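J.: In the working numbering, the protein residues as written are 624 to 980.
Can you read through this structure? Questions will come right after.
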């Protein structure tokens, strides 16, 4: 029996009653007199423990369930690298505001965040909720306004936006809805007024088919969308905008691609159509794109490099192509800031090169 007693006396971290450990301002073990924080280690059942962290004045900061992996756990090293050799989070972990209201609550399984996640504002209102699987957001993700009505509801797949998404006005009406695919907008997106009226839509796809000339236009990386379609001066216009990730550009200007169609007659030559359109363009043409560059997959097509200065005295690069297909003149104008040209050059080449029937 005395050997058993000696074993317990020599194992102070085998907690059989509540232990208190004091830490300095860096959460390293320290003495009580100079401590900034302290933790209590409370045995639950089996190998389960609850750890509660406090400021030195007794303010509860967090509480978390742990599972011991070894019989002897050195709880003094709980916030040091490598502690997971002794014990891991397993169960519910909660952080608190100074008021005592919950701030965050997570679920863990064998040291990995796995389960429901909730976050609150300091006044106690719910801010967001989602599910984590292997520490990554998966499934429905919701954020709430101060009155806990929905701000938006989206879906995640392994921490990436993927699936249906709906955004709301404070009055509860839908402001926009659509679908994400691998983090980017995809398919049809609809936009609404606060009264619920449909005010517009965008179409996100990698490939768009335009009837009449029967051509396909390809946009790389899913960053472009069909934002408008309208008729003007007997011309049908399709306006595409680069509405995806903007962090890769130097300016805030949104690049556009305008495709315009008009009937030109059965005997209209490409050169005649292109010359007529050039006279009407408000850009300075600098260079004809040589056929030797092999940029045009679409037969009966030619192009130009151009530029212009906008009202804000910003220089724009413009790439213009003209084509005649099925007795329809097709004009494509890519418009972007000169500073963004090099960053977008590969996208521009892809758009022009993949324009085909």
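Using N, Cα and C, we set each Cβ at its ideal position, and we do this for glycine too.
Note that the structure is predicted; figures quoted are calculated from it, not measured.
Could you tell me the distance, in whole angstroms, from the CA atom of residue 918 to the CA atom of residue 976?
T.: Rounded to whole angstroms, residue 918 to residue 976 spans 5 Å at the Cα level.
J.: With a Cβ-Cβ cutoff of 9 Å, do residue 944 and residue 931 count as a contact?
T.: It is not a contact, given that the beta carbons lie outside the stated cut-off.
J.: Please work out which residues of its chain come closer than 8 Å, Cβ to Cβ, to residue 951, disregarding the five sequence neighbours upstream and downstream, and give them in chain order.
T.: Correct list, in chain order: 835, 836, 884, 885, 886, 887.
J.: Who are the near neighbours of residue 728 in its chain, counting only those whose CB is closer than 6 Å to its CB and skipping five residues on each side?
T.: Excluding positions up to five away in sequence, the list reads 717, 741.
J.: Between which two residues does the alpha helix (DSSP H) carrying residue 899 extend?
T.: First-last of the alpha helix (DSSP H) with residue 899: 893-903.
J.: First and last residue of the alpha helix (DSSP H) that includes residue 906?
T.: No alpha helix (DSSP H) holds residue 906; DSSP gives it neither H nor E.
J.: Tell me whether the region 774-782 and the region 758-766 touch, counting them as touching only if at least three CB pairs, one residue from each stretch, are closer than 8 Å.
T.: Touching, yes, given that three or more Cβ pairs across the two stretches are closer than 8 Å.
J.: Measure the alpha-carbon distance for residue 726 versus residue 980 and round it to whole angstroms.
T.: Their backbone Cα atoms lie some 57 Å apart in a straight line.
J.: Leaving out the 5 sequence neighbours to the left and right, which residues in its chain are closer than 6 Å to residue 840 when beta-carbon positions are compared?
T.: Once the five neighbours on either side are set aside, the close Cβ partners of residue 840 are 831, 978.
J.: Report the CB separation of residue 686 from residue 673 in whole angstroms; it is logged as a contact under 8 Å.
T.: With a Cβ gap of about 6 Å, residue 686 and residue 673 count as contacting.
J.: Thinking just about the alpha-carbon of each residue, which of 762, 703, 789, 844 is nearest to the one in residue 829?
T.: For residue 829, the nearest C-alpha among the options comes from 844.
J.: Taking the straight line between their C-alpha atoms, what separation do you get for residue 635 and residue 809?
T.: Residue confidence is low: residue 635 scores 39 on pLDDT, short of 50, so the model does not pin down where it sits. Its coordinate-derived value is still stated next. Between residue 635 and residue 809, the C-alpha separation is close to 59 Å.
J.: Excluding five sequence neighbours on each side, which residues of the same chain lie with their C-beta closer than 7 Å to the C-beta of residue 938?
T.: Excluding positions up to five away in sequence, the list reads 930, 932, 961.
J.: How would you call residue 695, buried or exposed, if buried means at least 16 neighbouring beta carbons within 10 angstroms?
T.: The residue is exposed, with fewer than 16 neighbouring Cβ atoms inside 10 Å.
J.: Among residues of its own chain, excluding the 5 on either side of residue 693, which ones have a beta-carbon nearer than 8 Å to its beta-carbon?
T.: Counting only Cβ-Cβ distances below 8 Å, and skipping sequence neighbours, we find 708, 709, 710.
J.: Just tell me which of 875, 807, 799, 806 has its CA closest to the CA of residue 815.
T.: Residue 815 has its Cα closest to that of 799, out of 875, 807, 799, 806.
J.: Taking three-plus beta-carbon pairs below 8 Å as touching, is the region 898-914 in contact with the region 850-858?
T.: Verdict: no, contact absent.
J.: Looking only at its own chain, which residues have a Cβ that is under 8 Å from the Cβ of residue 733, when we skip the five neighbours before and after it?
T.: The answer, listed in chain order, is 690, 711, 713.
J.: Compute the beta-carbon to beta-carbon distance between residue 806 and residue 783, rounded to the nearest angstrom, for a pair I have assumed lies under 8 Å.
T.: With a Cβ gap of about 5 Å, residue 806 and residue 783 count as contacting.
J.: Leaving out the 5 sequence neighbours to the left and right, which residues in its chain are closer than 6 Å to residue 973 when beta-carbon positions are compared?
T.: Counting only Cβ-Cβ distances below 6 Å, and skipping sequence neighbours, we find 843.
J.: Relative to the C-alpha of residue 959, which residue among 794, 875, 745 is closest?
T.: When each option's Cα is compared against that of residue 959, the closest is 875.
J.: Output the distance between the C-alpha atoms of residue 668 and residue 656, rounded to the nearest integer angstrom.
T.: Answer to the nearest angstrom: the Cα atoms are 32 Å apart.
J.: For residue 818 and residue 796, what's the separation of their Cα atoms in angstroms?
T.: If you take the alpha carbons of residue 818 and residue 796, they lie about 7 Å apart.
J.: Consult DSSP for residue 979 and reduce its assignment to one of helix, strand or coil.
T.: Residue 979: strand per DSSP, three-state reduction.
J.: On the DSSP letters alone, give me the boundaries of the beta strand (DSSP E) that residue 884 sits inside.
T.: Segment 879-886, the beta strand (DSSP E) holding residue 884.
J.: Quick check on the DSSP output: the beta strand (DSSP E) that includes residue 939 runs from which residue to which?
T.: Here the beta strand (DSSP E) through residue 939 covers 938-948.
J.: Taking all protein chains shown into account, do 16 or more other C-beta atoms lie within 10 angstroms of the C-beta of residue 722, making it buried, or fewer, making it exposed?
T.: With fewer than 16 other Cβ atoms within 10 Å, it is exposed.
J.: Taking the alpha-carbon of residue 947 as reference, which of 719, 940, 922 has the nearest alpha-carbon?
T.: The residue with the shortest Cα to Cα distance from residue 947 is 922.
J.: Looking only at C-alpha atoms, which of 925, 759, 704, 780 sits nearest to residue 737?
T.: Cα-wise, what sits closest to residue 737 is 759.
J.: Where do the N-terminal and C-terminal ends of the beta strand (DSSP E) with residue 841 fall, by residue?
T.: Its beta strand (DSSP E) spans residues 838-841.
J.: Opposite residue 960 in the DSSP bridges: which residues?
T.: The partner list for residue 960 (beta bridge, DSSP) reads 939.
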